[in-house]
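Written out below as structure tokens is the structure these notes cover.
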């Protein structure tokens, strides 16, 4: 997880951060993971295999405990080193950290993993943003918009917090003035009572008039003061309401930016990540923003409630517009929107979902910790719903939409858990299983692998001591349900198309029927790099090859020619019984396998090149040159094309019968290449010629040294690939630099020669061909026959192979059927 460049540690780059990024770093560390430990133990922290540990998988707890023990051991070692005249205070601090780790994480090592992964993720993101900003700054380009945007959001949050604190100060002053007003009002009432008592005195009492005048004067003074104070109170109430209105307006704008832009963008990035696009944005960063919003909104709401209480305690008629009801409605709506929008799916369920198969998902409430929802942890329930039901849900047709589901999910209910060290409130469904599915009646050409469902997660909880009750729900990305593995490729196509081309705010689960070729090839490139774990994706030549396969003509990668869904994965390719996607997915599955992936990463596999182009490429190369290309006619097939020279120094290109992953489980690709003596130089993806030993030798299987005598009386056999020696055919010869032009390609020809020999010393098997081969045994094309007739020579079975086109494929079974 930690990003390193040229051996530079992540922490050394973190220490170079400035400004807002540095403040964010400082906020990451507390007593549960002190910054001193991060600083002094950076090396051991960053070399741990964090990416291999899932804090929600109990099976990884042993590895987490091992890391904790490593930390404690290193802390003890450093303390011992410091005991010999070292820094006394530092030794005490290390000892405190070690003891704290034991107390907090001794029984909960997965929480340590969760915290460290979160911290390293945020550090990496901040370093990457700072690096991008520096690079762009050096190039006189606009600085990183992502970094600027984050900084602006943080600045706006600080501004809103300041406004809220300012309103809090005004509210306290208002409360003080109101209490002073009440005291004066009580004084006025007391004076009025005294006047009433004086009025009841005898008229002959000489003090009555004097006391009455004094009290009346004092009451008038108090009443005037009360009128002035009441006017000031009303002004302050109005001013505070206007401040709240301004704050709520800014708060609404910022919340809309966080929820409708940043969070939606994160969800969109989550969908694209299925297609191999690197997911952008940080969920932890979003949680920080949402928690700050929750704090501000909750404080504002409490202020509004106190204003209401003040008005109840001291009603003062307001002749102007009363903003309080609107403010109350606004702040409650903001809180409701924030809570319901931050109930999200952190880890999506698999989008190709097979029945009777265990699957998982993680749901997270971003503001759960701040609103103390975990004090009464809610239960989350998962159900599967159809596309029609999803549409109804978005229309808020609750009664009809939730009255039934489209299937039965086992283990679909679980309680949310709060992780205090990370502040995350989430629930991890580990053992869900789709027991059955209810499909809708489909019309037209749509197949079951094009029918989309979604997993609905819903819950209910209260905040503020049951003051507010929220019903929350969220829908997963589209899911295609399959019952058999042979449906997976077509289901994957439906999901790939949906994730790549779905428009924001669409009606579930509508997607465009046609998409420009440049968007298609971009999607395929991302998917290829992700599945094959390759830094390099599809070359320009590969993209032209794919367009030729789809359109029957080469297109530039930036072409906007439309591709329909039917072209992509409904209609078979011309002359084939499979679709474009089925072919592409087949070679992708082959390439990402352990048998082919290393050779793709080494650029030893060209892959995307047709038979004619491979012939043109090889015919100019030395004899014994070969390349690896994907079969056009077989899904997930890889063939070897090589050039040989006959006795007349003419070059011919041959194609070995395609191999599949199943074949490579018997004998690996590198070993097959080693076995074939006809192969000497590999033609690479970047058009180089490299000796096969240099390219493939490190992948050869190591044969054990045979014992001098068999231990059990049996001699061990080995499997080896050979091409039979066939009379009249020169499939491999010493390397020559001749550049004789290749004959034209026939439309069809022999398949590939291949034989698996099981013997202690395997070697090429000698085959004898009959002296006479009839015309119907030769599968020449019309072009080949015209070439023969054009040369003026009659057909001669004895030398027919000399005239045989170099792009023909050798079929072992067909050839073996002709032997004897």
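Residue numbers (full-length UniProt numbering): 1 to 820.
Where is the CB? At the ideal position from N, CA and C, for every residue including glycine.
No experiment lies behind these values; they were computed from the predicted model shown.
Residue i to residue j span [Cα, whole Å]
| i | j | result |
| --- | --- | --- |
| residue 460 | residue 343 | 11 Å |
| residue 619 | residue 723 | 21 Å |
| residue 532 | residue 352 | 19 Å |
| residue 417 | residue 169 | 37 Å |
| residue 197 | residue 224 | 22 Å |
| residue 879 | residue 282 | Residue coverage of the chain in this structure runs from 1 to 820, which leaves residue 879 outside it and unanswerable. |
| residue 595 | residue 441 | 42 Å |
| residue 316 | residue 234 | 7 Å |
| residue 330 | residue 458 | 25 Å |
| residue 60 | residue 269 | 27 Å |
| residue 279 | residue 554 | 32 Å |
| residue 157 | residue 367 | 16 Å |
| residue 490 | residue 449 | 6 Å |
| residue 580 | residue 420 | 50 Å |
| residue 45 | residue 38 | 7 Å |
| residue 334 | residue 70 | 46 Å |
| residue 217 | residue 152 | 59 Å |
| residue 310 | residue 76 | 59 Å |
| residue 63 | residue 51 | 12 Å |
| residue 614 | residue 690 | 16 Å |
| residue 213 | residue 177 | 29 Å |
Collapsed DSSP secondary structure at residue i in the structure displayed
| i | result |
| --- | --- |
| residue 459 | strand |
| residue 578 | coil |
| residue 37 | helix |
| residue 427 | strand |
| residue 153 | helix |
| residue 51 | helix |
| residue 645 | strand |
| residue 602 | coil |
| residue 536 | coil |
| residue 470 | strand |
| residue 547 | helix |
| residue 824 | Any answer about residue 824 is impossible in this case: the structure gives the chain only from 1 up to 820. |
| residue 612 | helix |
| residue 8 | strand |
| residue 56 | coil |
| residue 161 | helix |
| residue 409 | strand |
| residue 30 | strand |
| residue 436 | strand |
| residue 627 | strand |
| residue 653 | strand |
Short Cβ contact (8 Å threshold) for residue i with residue j
| i | j | result |
| --- | --- | --- |
| residue 437 | residue 407 | yes |
| residue 432 | residue 410 | yes |
| residue 340 | residue 300 | no |
| residue 644 | residue 678 | yes |
| residue 68 | residue 112 | yes |
| residue 505 | residue 423 | no |
| residue 627 | residue 682 | yes |
| residue 386 | residue 453 | yes |
| residue 526 | residue 275 | yes |
| residue 573 | residue 549 | yes |
| residue 642 | residue 625 | yes |
| residue 371 | residue 273 | no |
Supposed close pair residue i, residue j - CB separation, criterion 8 Å
| i | j | result |
| --- | --- | --- |
| residue 480 | residue 495 | 6 Å |
| residue 55 | residue 110 | 4 Å |
| residue 290 | residue 258 | 7 Å |
| residue 655 | residue 692 | So it is not a contact: roughly 17 Å between Cβ atoms. |
| residue 696 | residue 604 | 7 Å |
| residue 296 | residue 251 | 7 Å |
| residue 425 | residue 373 | 6 Å |
| residue 254 | residue 160 | 7 Å |
Cβ-heavy atom distance, residue i to the ligand ATP, below 7 Å
| i | result |
| --- | --- |
| residue 421 | Ligands in the displayed structure: none, and consequently the ligand ATP is not present. |
Q.
Please give the ranges of any beta strand (DSSP E) in the stretch 169 to 219, keeping only runs that are unbroken, at least 3 residues long and fully inside the region.
A. none
* What runs of the alpha helix (DSSP H), each 4 residues or longer, lie entirely inside the stretch 505 to 533? -> 517 to 531
Entirely enclosed beta strand (DSSP E) segments - the stretch 323 to 406, minimum 3 residues = 343 to 347, 352 to 354, 358 to 365 and 379 to 386
| task | Note down, one range per segment and in chain order, each alpha helix (DSSP H) of at least 4 residues found wholly within the stretch 269 to 315. | result | 283 to 313
query = What are the uninterrupted segments assigned as alpha helix (DSSP H) that are 4 or more residues long and contained completely in the stretch 675 to 720, given in chain order?
reply = 692 to 696
- Which ranges does the alpha helix (DSSP H) cover as unbroken runs of at least 4 residues, wholly within the stretch 70 to 112, from first to last along the chain? 88 to 105
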